[in-house]
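Just so you know, we're using the working numbering here: the sequence shown kicks off at 154 and counts up by one.
Just so it is clear, CB atoms sit at the ideal spot from N, CA and C, and this is done for glycine as well.
Notes for the one structure printed next.
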Amino acid sequence: MRTNCRCLWLVLTIAAVGWSQEKSASVWKQTGTLPAPEAHQAAAADDKFVYAITNTLVAKYDRQTGERLATSTGEAKHLNSGFLWEQRLYCAHSNYPQTPEKSEIKVLDLESLRLTTFKDFGSLGGSLTWAVRHDEHWWCNFARYGDDNGQTFLVKFDRDWREQGRWTYPAEVIRELHRMSLSGGLWRDDSLLVTGHDDPVFFRLRLPKSGRVLEFVEQQSVPFTGQGFAHDPKTGGLVGINRSKQQLVFAHP
């Protein structure tokens, strides 16, 4: 009996250590900044350029010199995140704060810097705040605010824009948002990282084995003030914004 108890204690101890390591907060370190008055909604980057996204336009910066090279043309009201895919920048866009909510994905041609509509969702029940490609699918977040922010939902679409799944967010995340919602999201190492509106944190999530509520894994400290962020292919890290300082911010774990 004593041997069995000792074995049970060892199993529980190992499990507790594993749980503690998984739940412990990670820290992202700031590795650089670039001044950009358009750093209001989100950031994106490729090897040569960085893109600062504000409500109505995208500004293109030389990442080596910090010089602003040009700004986008084309109609936009409330751009949110940006995601680079196949040499074009895809930006979540909505008519927020108008109702009923109408959402689109705008696409930016990186040569002409012309913004056009890529996908029009119409009214899907929330305001599109981020849209990314992962595992041959589009993943799109539709935000709700105020008393309804717990109804914010993530949708997985196939290449023909047929809905493949829909999830809401766990209580551990929603209670940290106050009356705001989720502004940025990205898949990284099979985890979903999401940001709120103002706080310098990531929430790391994963798909549940069953049910329709995403699983909370941990909270991570980041040098971004919420909002949209993106992969930085040059460094392997991420790029986001500091809205109050009007900066593009580079970070690495």
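Asn302 is a Cβ neighbour of Ser334, given a cutoff of 9 Å. A direct Cα-Cα distance of roughly 14 Å separates Ala245 from Gly227.
If you draw a 10 Å sphere on the C-beta of Leu222, you find fewer than 16 other C-beta atoms in it, and that means exposed. Taking a contact as a CB-CB distance under 8 Å, the pair Val375 and Phe356 does not count as one, their CB atoms being some 10 Å apart. For Val203, the uninterrupted beta strand (DSSP E) segment begins and ends at 202-206. In this structure, the CA atom of Gly379 is about 21 Å from the CA atom of Glu257. For Val326, the uninterrupted alpha helix (DSSP H) run begins and ends at 324-327, by DSSP. Counting only residues of its own chain and dropping the five nearest sequence neighbours on each side, Asn395 has a CB closer than 6 Å to the CB of Thr378, Val402. As the crow flies, the alpha-carbon of Asp199 is around 35 Å from that of Ala324. Ranking Ser397, Pro406, Gln400, Gly381 by CA distance to the CA of Gly389 puts Pro406 first. Collapsing the DSSP output to three states places Asn302 in a helix. Excluding five sequence positions before and after Leu277, the CB atoms of its chain that fall closer than 7 Å to its own CB belong to Ser256, Phe295, given in chain order. Spanning the alpha carbons of Thr224 and Glu368 requires a straight line of approximately 39 Å. Note on geometry: alpha-carbon atoms of Arg365 and Gln217 lie some 44 Å from one another. Scanning its chain for C-beta atoms nearer than 7 Å, with the 5 sequence neighbours on each side dropped, one finds around Pro190 the residues Gln399, in chain order.
A distance below 9 Å separates the beta carbons of Val260 and Phe271. Using a 10 angstroms sphere on the CB of Trp320, the tally of other CB atoms reaches 16 or more, which defines it as buried. In the DSSP assignment, Trp181 falls outside any beta strand (DSSP E), carrying neither H nor E.
In this structure, DSSP gives Gln217 a state outside helix and strand, which the three-state scheme calls coil. The beta carbon of Pro253 sits closer than 6 Å to the beta carbons of Ser276 from its chain, once the five residues preceding and following it are set aside; these are given in chain order. With contacts defined by Cβ atoms closer than 9 Å, Trp283 and Ser336 form a contacting pair.
Taking C-beta atoms as the reference points, Leu242 and Leu210 fail to come closer than 9 Å. Within the model, the alpha-carbon separation for Arg359 versus Arg341 is close to 10 Å. Distance between Gln317 and Ser363, taken at the CA atoms: about 15 Å.
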